[in-house]
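Colleague: In this note's numbering, the protein residues as written are 132 to 555.
The beta carbon of each residue, even a glycine, is placed where N, CA and C say it ideally should be.
Quick one: the structure is below, questions incoming.
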Amino acid sequence: MGYVPRVLDAYLADMLQALPALSLDGGKGVGKTETASRLVTARIDLDQEAEVQALREDPDRLARFGRPLLIDEWQLYPGVWDRVRRAVDQERRAGLFVLTGSATPPVTPKHSGAGRIVHVRMRPFSLAERGVAEPAVTLRDLLAGADPEVSGATAVGIADYAEAIVTGGLPGLRGVPARFRRAAWDGYLAEILDRDLPELGRAVRRRDTLRAWLRAYAAATSTTSSYTAILDAATPGDTDKPTKVTALAWREALSRMWLLDPLPAWDDPLHHLSRLGAAPKHHLADPALAAHLLGVTAETLLTRPTTGRDIIPRQGTLFGALFTSLVTLSVRVYAEPLDARVSHLRTKDGDHEVDLIVTRPDGKCLAIEVKATPEVDSMDVRHLRWLRDKLGDDLLDAIVVNTGPAAYRRREDAIAVVPAALLG
């Protein structure tokens, strides 16, 4: 397979024209190295011990490579970060370095690199990058606030979304046949738990318990469950539970590996709405990993009737949570090159909840509800209508992302309905 274009490609190229150094961050296997390699003229691989040794012995080694220079897996030799920072100060021009890493080292560099090294997050393939359909509605247009036309049709349905959930968006695992998918994800997790975490100084002493914690976290996908509840769910009836300190250390280590991707709560910078919750929504880096940890496949997620009835989710709540996670992943991918932040809204009493708030740098925003159903009714848009009443013109648009066949605006309230496959 050739290179699959990423949403970030043009954005990264433009950034290198204006900035001296980029750090392309993201989990193992998301495609950082392949994407970054297309932007540079030279490359150093720090997963090669000989290259690390050469850098240790030769302080001026970076100066002898062409620019831009890719430094891959920089976290395996954190000292290179400060070398890059000094080189940026000396050369004083754009397009010098791209650093890629599958983790943030526990021992951080002496200097943050602020003002010199700009961080960009790369995530697994979005639905648009997977080519499930040609997008007809774009986040860029919706954030422009000009009430763009919303139209388009797709044959992508619930069964296709279930397959997208369990296949995942990691380039190296997407081609694995379904019968070997469990073995492939087992290998992916084993490499992180048994090799990558120890390399970062985080040896796993209770591997089975950590995996159980990950499974409980996966079961909490798209919710704001407390971390205490997740730990309790991971160790039911266990009298020798890990301490909260241990669980916190696991959470920190997995976050440093970019394996967890929690969605922060919206802080409402313009209107200061009262009673907003502050807890993040739980998401793993890829909903396919959550599906794997929970032991579900596309077939077990769905009911496939032998009669003419439509395919429907067998595990409705779980399918809805994983579909919401898939949409959240895609929206975050689309938002990154638009300099937009993605968060969620939930009032403390739970009276109102909006799945995704996409906020422009000026504070104006787009509200998105996610529904794992083909139809949308007035109950599905009630929180969007409430938020529009609260924010007025500062709410640029409101949409429902669903599993239906068509994109349109509702006549009664002008809220857009967009199938997930048609959003780009």
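Going by C-alpha to C-alpha distance, which of Ser168, Cys496, Thr459 sits closest to Phe228?
Modeller: The residue with the shortest Cα to Cα distance from Phe228 is Ser168.
Colleague: With a CB to CB cut of under 8 Å and the five nearest residues on each side skipped, what residues in its chain are close to Asp278?
Modeller: Only Asp528, Ala545 meet the Cβ criterion.
Colleague: Are at least three pairs of beta-carbons, each pair with one atom in the segment 137-156 and one in the segment 293-305, less than 8 Å apart?
Modeller: The segment 137-156, when compared against the segment 293-305, does not touch it at the 8 Å Cβ threshold.
Colleague: Check whether the segment 392-399 and the segment 366-375 are in contact - that is, three or more C-beta pairs closer than 8 Å.
Modeller: Judged by Cβ distances under 8 Å, the segment 392-399 makes no contact with the segment 366-375, as fewer than three pairs qualify.
Colleague: Ignoring anything shorter than 3 residues, give me the beta strand (DSSP E) runs that lie fully in the segment 357-400, in order along the chain.
Modeller: Here no run is fully enclosed.
Colleague: Starting from Thr448, follow the alpha helix (DSSP H) in both directions and report where the run begins and ends.
Modeller: Its alpha helix (DSSP H) spans residues 447-466.
Colleague: Would you call the segment 416-426 and the segment 285-299 touching, i.e. three or more CB-CB distances under 8 Å?
Modeller: Segments in contact, yes.
Colleague: State yes or no: is the C-beta of Thr355 within less than 8 Å of the C-beta of Gly408?
Modeller: A contact, by the Cβ cut-off of 8 Å.
Colleague: Return yes when the Cβ of Phe454 is within less than 8 Å of the Cβ of Tyr319, no when it is not.
Modeller: Result no, Cβ atoms of Tyr319 and Phe454 do not sit closer than 8 Å.
Colleague: Taking its Cβ as the centre, do 16 or more other Cβ atoms sit within 10 Å of Gly232, making it buried, or is it exposed?
Modeller: With 16 or more Cβ atoms within 10 Å of its Cβ, Gly232 is classed as buried.
Colleague: Could you say which of Arg310, Lys521, Ala225, Asp441 lies nearest to Glu506 if we only look at CA atoms?
Modeller: Considering only alpha carbons, the answer is Asp441.
Colleague: Identify which residue in Glu222, Trp205, Pro209 has its Cα closest to the Cα of Leu150.
Modeller: The option with the nearest alpha carbon to Leu150 is Glu222.
Colleague: Less than 7 Å separating the Cβ of Lys495 from some heavy atom of the ligand COA?
Modeller: Among the ligands in the structure shown, none appear at all, so the ligand COA cannot be discussed.
Colleague: On the CB-based measure, 16 or more other CB atoms within 10 Å of its CB, does His250 come out buried or exposed?
Modeller: Classification of His250: exposed, given that the 10 Å Cβ count is below 16.
Colleague: Could you tell me if Lys502 is buried or exposed, where buried requires 16 or more neighbouring beta carbons within 10 angstroms of its beta carbon?
Modeller: Under this definition Lys502 is a buried residue.
Colleague: Can you list, in chain order, the residues of its chain with a C-beta nearer than 7 Å to that of Thr504? Leave out the 5 residues immediately preceding and following it.
Modeller: Closer than 7 Å at Cβ, skipping near neighbours: Asn533, Thr534.
Colleague: Taking the alpha carbon of Lys495 as the reference point, which residue from Arg513, Met510, Asp470 has its own alpha carbon closest?
Modeller: Of Arg513, Met510, Asp470, the residue nearest in Cα terms is Asp470.
Colleague: Val473 and Val462: beta carbons closer than 8 Å?
Modeller: In this structure, Val462 lies closer than 8 Å to Val473 by Cβ.
Colleague: Within its chain, find whatever has a CB closer than 8 Å to the CB of Asp327; leave out the 5 residues flanking it on each side and keep chain order.
Modeller: Once the five neighbours on either side are set aside, the close Cβ partners of Asp327 are Lys159, Ser233, Ala234, Met388.
Colleague: Spell out the partners DSSP gives Thr231 in its beta bridges.
Modeller: Thr231 is bridged to Leu155, Asp203.
Colleague: Please state if the CB of Ala343 and the CB of Thr370 are separated by a distance shorter than 8 Å.
Modeller: No, these two residues do not count as a Cβ contact at 8 Å.
Colleague: State the start and end residues of the unbroken alpha helix (DSSP H) segment that holds Val219.
Modeller: Here the alpha helix (DSSP H) through Val219 covers 210-222.
Colleague: Here's the rule I'm using: 16 or more other beta-carbon atoms within 10 Å means buried, otherwise exposed. How should Asp178 be labelled?
Modeller: Classification of Asp178: exposed, given that the 10 Å Cβ count is below 16.
Colleague: Have a look at Ser154, Ala309, Ile488 and flag the residue whose alpha-carbon is nearest the alpha-carbon of Trp212.
Modeller: Cα-wise, what sits closest to Trp212 is Ser154.
Colleague: What does the Cβ neighbour count give for Arg137, buried or exposed, with the cut at 16 atoms within 10 Å?
Modeller: Per the 10 Å Cβ criterion, buried.
Colleague: Keeping to the same chain, check which residues put their C-beta closer than 8 Å to that of Leu457; ignore five residues upstream and five downstream.
Modeller: Excluding positions up to five away in sequence, the list reads Leu258, Tyr292, Ala295, Ile296, Pro418, Ala551.
Colleague: With the cut-off set at 8 Å, would you say Arg247 and Val219 are in Cβ contact?
Modeller: Their beta carbons are under 8 Å apart, which means Arg247 touches Val219 by this criterion.
Colleague: Kindly give me the distance between the Cβ atoms of Tyr348 and Leu415, rounded to whole angstroms, as I take these residues to be in contact under 8 Å.
Modeller: Contact holds; Cβ gap of about 7 Å.
Colleague: By Cβ distance, which residues of its chain are closer than 7 Å to Thr172, with the 5 residues on each side in sequence left out?
Modeller: Closer than 7 Å at Cβ, skipping near neighbours: Gly197, Arg198, Pro199.
Colleague: With a threshold of 8 Å between beta-carbons, can Gly555 be considered close to chain B, or not?
Modeller: In summary, chain B is missing from the structure at hand, where a single protein chain is found.
Colleague: Cβ atoms of Leu324 and Arg338: under 8 Å apart, would you say?
Modeller: For Arg338 and Leu324, yes; Cβs fall inside 8 Å.
Colleague: With a Cβ-Cβ cutoff of 8 Å, do Val268 and Val464 count as a contact?
Modeller: Result no, Cβ atoms of Val268 and Val464 do not sit closer than 8 Å.
Colleague: Could you give the distance in angstroms between the alpha-carbon of Leu193 and the alpha-carbon of Ala152?
Modeller: Going by the C-alpha atoms only, they are around 13 Å apart.
Colleague: Measure the beta-carbon distance from Leu497 to Leu273 and round it to whole angstroms, keeping in mind my assumption that it falls under 8 Å.
Modeller: About 5 Å; that satisfies the 8 Å criterion.
Colleague: Who pairs with Ile296 in a beta bridge, going by DSSP?
Modeller: Beta-bridge pairing links Ile296 to no other residue.
Colleague: May I ask you to report which of helix, strand or coil DSSP gives Ser509?
Modeller: Note: Ser509 maps to helix in three-state DSSP.
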